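Trainee: The following block contains the structure, expressed as structure tokens.
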Ligand code: GLU
Ligand code: MG
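So, in structure tokens, the structure goes:
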């Protein structure tokens, strides 16, 4: 048990004046409240009052009243900081940060709390004697900060890229050297362990990958890493675009989600030594993800730009299949080896981006994986090429199915998957679908360029 009073005193003594409590909404957008540090002991117990309507905020800060469970402006829930995740922000030293969970006004579980949904799946895994490890990769485009329009509060339409240099080159990052140095230092200071950072394929695109951990920590860290990147970018006159697409036609920002499943300290995705296939239980996990992939994608890549990002030829994935180290596959199986060790084995979900709620995305992955493991779901044979290069007839002949390309197909996929509708539960599902419909209606008559521009700085 963390002693909130001692914590508050210690923070105060170190110059911290406020604590930001953050969560992510159904659009993957971080929301927050900041309280004076002296109130932390009280806030840790009773929380901060926030509107129930955050569950039905759409991507554009519109509130939809279309879901009957949350159809009025009346109602409040309590946002409780998780003190175990409280972090003094290295890049914002006057502030500390904590992930929040939402409970009802009488302190009982609130069915719209996404963090609670993930906790339930972690418990379901534990009840089966299983442990999950997860880690997010985050791609983002760096631009010069630019200004904000006085008219509509939108960031300038034509941001200037932060650097122009070959993909993956060290001199690309040289142009943002001070930012990178501060970012790595701040991430370490904030307790976000990093696998690696590099100049990615897209123009001024950077990738940051976070070390795998338990699922709740992985989702908390994904939120904290965003805050850390935004703060470091601001310090250096830059801005980070996390949106699934920076431009309508260009390379997207994937937030690939790596998972592995363990029993008794053994990684079930590790096959026989040097085998390019998961072990039997690991195959069930992979088969479960594959079986529900179209519905899963409605949660892990839910926005209108998410749908446009899923094109063949961009390493973003577009069809329902798995492959061994295949970068066009939505499910890329990464085997272990005698050289790398069995623990290296994991599944990378590429149909995943910043517009997903990080807790819900992980909960959905775990639920489908667990179901697959229980049922012994068969993933079939891996595909080692890009099916996007096959003809339409060839894809049809081989049963290669496209992932949803419209909000309507996305909703259909989600609502017809009993396993995934059960993960969200009736209330959260209702709110989630209402928000998706609100976004879809907003986007319906707009060109993709405008849609992409409106999402660019939301995450
Ligand atoms: N940028 C690609 C995407 O949209 C991923 C590139 C990669 O494989 O790292 O997911
Ligand atoms: Mg990448």
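Residue numbers (the working numbering): 73 to 531.
Every residue gets a Cβ at the ideal spot worked out from N, C-alpha and C, and that includes glycine.
In this text the structure is predicted, and so the values were computed from the model without any measurement.
Could you pull out every residue in the same chain whose Cβ sits closer than 8 Å to the Cβ of residue 109, ignoring the five residues on either side in sequence?
Mentor: Cβ neighbours of residue 109 beyond the five flanking positions: 80, 83, 84, 88, 89, 90, 91, 168.
Trainee: Could you tell me the boundaries of the alpha helix (DSSP H) in which residue 246 lies?
Mentor: 242-246
Trainee: Please classify residue 425 as buried or exposed, where buried requires at least 16 other C-beta atoms within 10 Å of its C-beta.
Mentor: Classification for residue 425: buried.
Trainee: Please confirm whether residue 207 and residue 283 have their CB atoms less than 8 Å apart.
Mentor: yes
Trainee: Compute the Euclidean distance between the alpha carbons of residue 238 and residue 275, then round it to the nearest angstrom.
Mentor: Rounded to whole angstroms, residue 238 to residue 275 spans 8 Å at the Cα level.
Trainee: Short of 7 Å in beta carbon distance, which residues of its chain neighbour residue 526, apart from the five on each side in sequence? Order them along the chain.
Mentor: 132
Trainee: Should residue 274 be counted as a contact of the ligand MG given a C-beta to heavy atom distance under 7 Å?
Mentor: no
Trainee: Taking the C-alpha atoms as reference points, what is the distance between residue 243 and residue 324?
Mentor: For residue 243 and residue 324, the distance between alpha carbons rounds to 22 Å.
Trainee: Return the residue from the list 422, 351, 514, 468 that minimises the CA-CA distance to residue 450.
Mentor: 351
Trainee: Could you pull the start and end residues of the beta strand (DSSP E) that residue 420 belongs to?
Mentor: Element bounds for residue 420: 418-421.
Trainee: Short check: CB of residue 158 to CB of residue 170, under 8 Å?
Mentor: yes
Trainee: Per DSSP, what kind of secondary structure is residue 148 in: helix, strand or coil?
Mentor: strand
Trainee: Just mark residue 93 as buried or exposed, buried being the case when its beta carbon has 16 or more other beta carbons within 10 Å.
Mentor: With at least 16 other beta carbons inside 10 angstroms of its own, residue 93 counts as buried.
Trainee: Compute the Euclidean distance between the alpha carbons of residue 103 and residue 76, then round it to the nearest angstrom.
Mentor: 23 Å
Trainee: Starting from residue 272 and walking both ways along the beta strand (DSSP E), at which residues does that stretch end?
Mentor: First-last for residue 272: undefined, no H or E at that position.
Trainee: Nearest CA to the CA of residue 523: which residue from 150, 316, 398?
Mentor: Selected option, being the one with the closest Cα: 316.
Trainee: So residue 333 and residue 354 are in contact, right, with Cβ under 8 Å, and what is the actual spacing, rounded?
Mentor: 7 Å
Trainee: Taking Cβ positions, are residue 267 and residue 300 nearer each other than 8 Å?
Mentor: no
Trainee: What are the residues that DSSP puts in a beta bridge with residue 391?
Mentor: 474
Trainee: How about residue 142 and residue 128: do their beta carbons lie closer than 8 Å?
Mentor: yes
Trainee: State buried or exposed for residue 277, treating a residue as buried only when at least 16 other CB atoms are found within 10 Å of its CB.
Mentor: Taking all protein chains shown into account, residue 277 has 16 or more neighbouring C-beta atoms within 10 Å of its C-beta and is therefore buried.
Trainee: Taking the alpha carbon of residue 251 as the reference point, which residue from 312, 356, 138 has its own alpha carbon closest?
Mentor: Just measuring C-alpha positions, the residue of 312, 356, 138 sitting nearest residue 251 is 312.
Trainee: Consult DSSP for residue 126 and reduce its assignment to one of helix, strand or coil.
Mentor: helix
Trainee: Compute every distance between the C-beta of residue 483 and the non-hydrogen atoms of the ligand MG, then say whether any falls below 7 Å.
Mentor: no
Trainee: Can you give me the start and stop residues for the beta strand (DSSP E) that residue 302 sits inside?
Mentor: No beta strand (DSSP E) holds residue 302; the alpha helix (DSSP H) holding it covers 287-307.
Trainee: When you compare only the Cα positions, how much space is there between residue 120 and residue 271?
Mentor: 40 Å
Trainee: In whole angstroms, what separates the C-alpha of residue 285 from that of residue 330?
Mentor: The straight-line gap from Cα to Cα measures roughly 10 Å.
Trainee: Taking only heavy atoms of the ligand GLU into account, decide whether any of them is closer than 7 Å to the Cβ of residue 369.
Mentor: no
Trainee: With a 10 Å radius around its C-beta and 16 neighbouring C-beta atoms as the bar for buried, classify residue 392 as buried or exposed.
Mentor: buried
Trainee: Leaving out five residues before and five after residue 340 in sequence, what residues of the same chain have Cβ atoms less than 6 Å from its Cβ?
Mentor: 333, 351, 353, 354
Trainee: For residue 359, which residues from the same chain have a beta carbon less than 7 Å from its beta carbon, with the 5 sequence-adjacent residues on both sides left out?
Mentor: 444, 449, 450, 451
Trainee: Hey, out of 140, 472, 304, whose CA is closest to residue 462's CA?
Mentor: 472
Trainee: Quick one: Cα of residue 204 to Cα of residue 366, how far?
Mentor: 22 Å
Trainee: Out of curiosity, what's the CA-to-CA distance linking residue 118 and residue 78?
Mentor: 17 Å
Trainee: On the DSSP bridge assignment, give the partners of residue 311 in chain order.
Mentor: The beta-bridge partner set that DSSP reports for residue 311 consists of 215.
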